[in-house]
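Reminder that position 422 of the sequence shown reads as 421 in numbering that gives the first Met the number 0, one-by-one numbering, no gaps.
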Amino acid sequence: MATETLKRPMTGEEMIALSKKHTLFEWSAQSKVDPIPVARAKGIYFWTPEGKRFIDFNSQLMCVNIGHGDDRVIRAIQRQAAALAYASPFMTTEPRARLGAKLAELAPGDIDVFFFTNGGAEANENAIKLARLTTGRHKILARYRSYHGATAGSITLTGDPRRWPSEPGLPGVVHVLDPYHGIERGWDSAERSLAMLAEVVELEGPHTIAAFILETVTGTNGVLIPPDGYLQGVRELCTRHGILMICDEVMAGFGRTGEWFAVDHWKIVPDILTMAKGLTSAYVPLGAVGMRRSIAEHFRDNVFPGGLTYNSHPVACAAALATIQVYEEDRLIENSRKMGALMKQLLADLERRHPSIGAARSIGLFGLVELVRNRKTRQPMAPFNGTSDEMAALGRFFREEGLYTLVRWNTFFTNPPLCITEPELREALAIVDRGLEITDKAVA
Ligand SMILES: Cc1ncc(COP(=O)(O)O)c(C=O)c1O
C-alpha cells in the first residue's frame, strides 16, 4: 500500500481495490463482486466515503434492528471494553450474568438457560449437539427452503442451494418440504404440510429423530410466514414423539416480525431457540442458544461438551444488554408492528399497481416481494437459484437511487431497521415504486 494512502482516510475505490486484492468476499466469484464501500452510518442511513447516502432497507444483513450508530450501545461497548474487554468463559462476568437473566425474561415459556456463541451458525451447531445428547437420538429433520449458517453442521441443515458445494455433510440430517413450493405452485394448507411431515417422521422412525429445526418465519428463502396451525401442529407432532423442536430465530427474532420472538405470534414454546443478529443489532458479534429448563437439567450431572474462546464475551454481552434496553426504551417492537402494518398496506398498494408483482408478504418489518413475468402463469422473473437481466437492472436501479436491499433470484426484501419512521418508509417505497417500472416492462 502506498504510504500516502496510510496517512488519510481511503477513498471508496481504494477500499474496494485493496479489499478485493487481499480479502475474500463470501458466496461470490471474486471477479464478480461489486461491494458498496461504507464509511459511516446513522439511523436507517449509511454513507460511502464520498458521501453518497443509502437508505438501509435490509438492516445490512437483516441484523441492525435498532438502526445504526446508537450512542447508548456504543457507550456500553466502550465502558465494558475499558473495564474488562475479555474474561475466559470458565470465569464469569456481570454482563454475562445480567444477559442470561434478561433473556430468560424475554424468551417464551420456560426457556431460561442460554449458551452464548459468536453468531447464528454456531448457535445452531450447539443446538444440534444439545438435541442429540439429551435425546440419545441422532437424526435431525430440517426444511429445504431454509438457511441455518455456513459452518459444517449448520450448512448441512440448510436446505437451499448454498448447501450443495458442502456435501456430503453431517450424517443424519433429513430434509423435508415446506408448506411453500415457490411462486408457481404456491402454498399447501397447514393440514397438508403437517400430514407430509408426519409421514416422513413415520418413515424415518420417530425414535431415531432427535430434533426438527425450522426458521419460525423463513428469512432469505422468501419471508415465508407459516399458515396458521402449522407451527402448533409441528409442536404437537414433536411432543408426541419426543422430538425436540428447534426454532431458528437468528433472523426473525428481536422484533423483526413485530414480537420479541416470532414464535410469540403463534404462542408456542420450542424446546430450543437460537438467536443472533438482532441480539446485539450486530454492533458486535453474538449468538445464543436458549433451552428449556428440562434440557438444561440434563447437564446438571452430565458434562456439556462444547466451548468457544469467545463464549459469553463480556463486550458482546454488554452490547446485547444495551441493545435490549434500546428496544425497550424506544418501544421498537411496537414500532415494528405499527410501521409493519403501514408497510403491508403500502406493499399491497404497489401490488395493485405493478403487474410484475406476483406476491408481497410481510410480518412486522420483515417483508419480501416476488416478481413474475405473467400473473396467470406465475413464471418467476428469475429462475430458482438464478438471476435475469430484469432483476439485475432492478438491483442497479436501487443502488443508483440510494436504496440498499437484498435482491435475490426473483425477489427483493423490505427489512428496514425497526426505528424507521413513516416518512422514511414512504421515501424508501417511493424508490421501489419507480424501480418496478423496469420489471413491469417484462410482463407478458
Ligand atoms: C435463519 C438464520 N439462521 C442462521 C444464520 C447464520 O447466522 P451467522 O451468519 O451469524 O452464522 C442466518 C444468517 O443469515 C440466518 O438467517
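Each residue gets a CB set at the ideal place from its N, CA and C atoms; glycine is no exception.
Can you check which of these residues, the options, is closest to residue i by C-alpha distance?
| i | options | result |
| --- | --- | --- |
| N310 | M390, A340, E121 | E121 |
| P160 | R433, R292, W408, S335 | W408 |
| L105 | L278, H174, S153 | L278 |
| L393 | L417, R377, V368 | V368 |
| I208 | M390, T404, E166, L196 | L196 |
| F56 | V262, I212, E49, G66 | G66 |
| A210 | S188, L132, P284, D187 | L132 |
| K276 | G305, L307, T322 | T322 |
| E12 | K31, E49, K41, T22 | E49 |
| C62 | D70, A75, R74, I43 | I43 |
| Q59 | D177, R74, T219 | T219 |
| N334 | K51, W186, I419, Q344 | I419 |
| L343 | R95, E421, D111, S387 | Residue identity differs from the one stated: residue 343 is Lys in this sequence, not Leu. That would be E421, whose Cα lies nearest to the Cα of K343. |
| M338 | R395, V288, E423 | E423 |
| M390 | V406, Y282, L402, K138 | V406 |
When every heavy atom of ligand 1 is checked, does at least one fall within less than 7 Å of the C-beta of residue i?
| i | result |
| --- | --- |
| T134 | no |
| L364 | no |
| T256 | no |
| A275 | yes |
| Y146 | yes |
| I384 | Correcting the residue type first, residue 384 is Asn in the shown sequence and not Ile. No - ligand 1 has no heavy atom lying nearer than 7 Å to the Cβ of N384. |
| N123 | yes |
| A120 | yes |
| T308 | no |
| V63 | no |
| E25 | no |
| T219 | yes |
| L60 | yes |
| G99 | no |
Using a 10 Å radius around the Cβ and a threshold of 16 neighbouring Cβ atoms, would you call residue i buried or exposed?
| i | result |
| --- | --- |
| I35 | exposed |
| R184 | exposed |
| N384 | exposed |
| G241 | exposed |
| P8 | exposed |
| A126 | buried |
| P382 | exposed |
| E436 | exposed |
| F24 | exposed |
| R352 | exposed |
| V302 | exposed |
| G232 | buried |
Between the alpha carbons of residue i and residue j, how many angstroms are there, rounded?
| i | j | result |
| --- | --- | --- |
| T157 | W163 | 9 Å |
| S145 | F365 | 16 Å |
| D33 | W26 | 13 Å |
| L129 | S192 | 27 Å |
| F113 | L17 | 40 Å |
| F298 | I271 | 15 Å |
| A141 | A82 | 42 Å |
| P304 | A295 | 13 Å |
| Y375 | L176 | This sequence places Lys at residue 375; Tyr is not what is there. Approximately 25 Å between the Cα atoms of the pair. |
| S355 | G286 | 38 Å |
| C237 | F53 | 44 Å |
| D432 | E400 | 12 Å |
What residues in its chain sit with their C-beta under 8 Å from that of residue i, if we drop five residues either side in the sequence?
| i | result |
| --- | --- |
| R97 | C316, L320 |
| R74 | A321 |
Give me, in chain order, the residues of the same chain whose beta-carbon lies closer than 7 Å to that of residue i; leave out the 5 immediate sequence neighbours on both sides.
| i | result |
| --- | --- |
| E124 | T150, G152, S153 |
| T256 | V216, H264, I362, G363, F365 |
| P94 | Q79, P313, C316, A317, L320 |
For residue i, collect the residues of the same chain with a Cβ closer than 6 Å to its Cβ; drop the 5 residues on either side in sequence, then sort them by chain order.
| i | result |
| --- | --- |
| P205 | H240 |
| G252 | F260, M274, G277 |
| R39 | W46 |
| G148 | G119, A120, N123 |
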